[in-house]
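> Take a look at the following structure, please.
Numbering (mature numbering (1 follows the signal peptide of the UniProt record, and there is no 0)), first residue to last: -23 to -1, 1 to 308.
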């Protein structure tokens, strides 16, 4: 019966010694997300939209493949510029379909008036090629640690890349570096299947969804690559925490050539070659049977190439067939 009191005394002794030890804070130089301390970030957007990576219907001219201005917002948890699975706002519709950002800016302003905390709006110049870079700087506070942005894919019906509510404060500290691969989204407001489709309003409006190699599941879709499990990233964003600067927040700038800056990452991505299989039309009806009466005749049918193969995709099949027949109109 003396075992239990001995065990109790041992536990009390351990507890007493533990209570005398004051835990020492771990040394760290990482900046904390405190209400009074802001963090400044440099954002670099890199387009990876190359003909090798996305050969299907790649826009060469009128207009060639390019990117709009990046429109970004730093904000609190109760604001969303856009959300996957939700309906796009009128501002998002105008931006993704036409590249016009003014209605989107009015929506940001109205959100602030409703009490949704939006710290600031910033933008990058447009990238006037499928591959290239554009940069900007922005500021966040502990109460507004989230980043959202959009970049329109040009040309396209209503397609874009972006980030929704990326939290830059993790475990009480500002993230030093963030790198994200970006994939295409459909705003759900236009029903075009190809990059250069004419405007065809989606009625009723669909929700924002991610475009994949198999969705929408339609051969005409410019991103439809049934042989791929996943699309290659079409763009990338890199965030680096920087020292405080006197950043001027500006509205979207006009496209320029100066932001087409090649990078090592961009050159690397050019080695991605997505195979594109040849696509052909259905067979035509069989033609008339031609030949001499009393002899075996021949009839033909044809089909034509809808899309030539690229990057070692499946080659085009035969475009003409013939078969024996009995000549028509023999007496």
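Beta carbons: idealized from backbone N, C-alpha and C, even for Gly.
1) Using the Cβ count rule (16 or more neighbours within 10 Å means buried), how would you classify residue 55?
2) Tell me the DSSP secondary structure of residue 292 in three-state form.
3) Determine whether the beta carbon atoms of residue 125 and residue 141 lie at a separation below 8 Å.
4) Across which residues does DSSP place residue 265 in a beta bridge pair?
5) Compute the distance between the beta-carbons of residue 100 and residue 119, then report whether it is under 8 Å.
6) Return the CA-CA distance between residue 134 and residue 65, expressed in angstroms with no decimal places.
7) Can you list, in chain order, the residues of its chain whose CB lies under 6 Å from that of residue 224, leaving out five sequence neighbours each side?
8) Among 278, 23, 137 and 57, which residue has its Cα nearest to the Cα of residue 72?
9) Over what stretch of residues does the alpha helix (DSSP H) that includes residue 75 continue unbroken?
10) When you compare each of 181, 214, 130 and 58 to residue 162 by their alpha carbons, which one comes out closest?
11) Count the other CB atoms, across all protein chains shown, that sit within 10 Å of the CB of residue 110; report buried if there are 16 or more and exposed otherwise.
12) Can you tell me where the alpha helix (DSSP H) with residue 82 in it begins and where it stops?
13) Can you give me the start and stop residues for the beta strand (DSSP E) that residue 129 sits inside?
14) Pull up the CB-CB distance for residue 34 and residue 107, whole angstroms please, since I reckon it's below 8 Å.
15) List in chain order: all unbroken beta strand (DSSP E) runs of 3+ residues lying wholly within the stretch 144 to 192.
16) Quick check: the Cα distance between residue 274 and residue 264, rounded to an integer number of angstroms?
17) Can residue 325 and residue 121 be called in contact, C-beta distance under 8 Å?
18) Quick one: what's got a C-beta closer than 8 Å to residue 178's C-beta in the same chain, skipping five residues either side?
19) State the CB to CB distance for the pair residue 276 and residue 261, rounded to an integer number of angstroms; the pair is presumed to be in contact (CB under 8 Å).
20) Kindly list the residues whose CB is nearer than 6 Å to the CB of residue 284, restricted to its own chain and excluding five residues on each side of it in sequence; keep chain order.
21) May I ask you to verify whether the stretch 81 to 100 touches the stretch 179 to 195, counting CB pairs closer than 8 Å and requiring at least 3?
22) Where do the N-terminal and C-terminal ends of the beta strand (DSSP E) with residue 213 fall, by residue?
23) Going straight from the alpha carbon of residue 143 to that of residue 123, what length do you get?
24) Residue 62 and residue 84 look like a contact to me (Cβ under 8 Å); what is the Cβ gap, rounded to whole Å?
25) To the nearest angstrom, report how far apart residue 41 and residue 132 are at their CA atoms.
26) Just how far apart, CA to CA, sit residue 270 and residue 291?
27) Let me check understanding here. Comparing Cα to Cα, which of 249, 204 and 182 lies closest to residue 28?
28) With DSSP as the reference, identify every bridge partner of residue 52, one or two as the case may be.
29) Determine which residues share a DSSP beta bridge with residue 136 and list them.
In terms of the structure at hand:
1) exposed
2) coil
3) yes
4) In the DSSP assignment, residue 265 is bridged to no other residue.
5) no
6) 14 Å
7) Low per-residue confidence applies at residue 224: pLDDT is 48, beneath 50, and the placement is therefore not dependable enough to give any value.
8) 137
9) 67 to 75
10) 130
11) Buried is the call here.
12) 79 to 90
13) 123 to 131
14) Not really, about 13 Å apart at Cβ, beyond 8 Å.
15) 154 to 159
16) If you take the alpha carbons of residue 274 and residue 264, they lie about 12 Å apart.
17) The structure shown has nothing for residue 325, since the chain only spans -23 to 308.
18) Setting aside the 5 residues that flank it on each side, residue 178 is surrounded in the same chain by 166, 167 and 168, each with a C-beta closer than 8 Å to its C-beta; the list follows chain order.
19) The Cβ separation is near 11 Å, so there is no contact.
20) 256
21) no
22) For residue 213, the enclosing beta strand (DSSP E) has its first and last residue at 212 to 219.
23) In this model, residue 143 and residue 123 are separated by some 5 Å (Cα to Cα).
24) Contact doesn't hold; Cβ gap of about 19 Å is too wide.
25) In this structure, the straight-line span from the alpha carbon of residue 41 to that of residue 132 is close to 7 Å.
26) 41 Å
27) 249
28) 95 and 123
29) Beta-bridge pairing by DSSP links residue 136 to 163.
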